[in-house]
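In my numbering, the protein residues as written are 340 to 456.
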């Protein structure tokens, strides 16, 4: 079994729109959830810090294929269009313009693949 790619990214939410952003995710459209799963993403989470700093994380076996799938998805395009107003200084769709973060530590990797739990 191959090790999944871990992807972490950062976006900025307009501080005055944080409550609305949170509400928009409770719940996410069922068809969008289906598209995320169909793209190969799993263990997907979003975390919100002060000042509107949003950190996202997911795992996938092929991030390039996952990105391509969602880029071609009419459902994802509609979702991203509906979410555009929440983001600060975004040069495109949030799912395509997020700033990727570099992983510098992973417990399981350093323990030789042993469960980090």
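No residue lacks a Cβ here, since even glycine has one placed at the ideal position from N, Cα and C. These numbers were taken from a predicted model, which means no experiment stands behind them.
- Shortest Cα-Cα distance from residue 412 to any of 350, 445, 431, 375 involves 375.
- By the neighbour-count definition (other C-beta atoms within 10 Å, threshold 16), residue 346 is a buried residue.
- Beta-bridge partners of residue 420 (DSSP): none assigned.
- Every alpha helix (DSSP H) of 4 residues or more that sits fully in the region 366-432 is shown, in chain order, as 369-377, 402-411, 413-422.
- Taking C-alpha positions only, residue 382 is separated from residue 433 by approximately 19 angstroms.
- Between the beta-carbon of residue 425 and that of residue 353 there is about 6 angstroms, and that keeps the pair under the 8 angstroms contact cut.
- Annotation: residue 370 to residue 387 spans about 23 angstroms, alpha carbon to alpha carbon.
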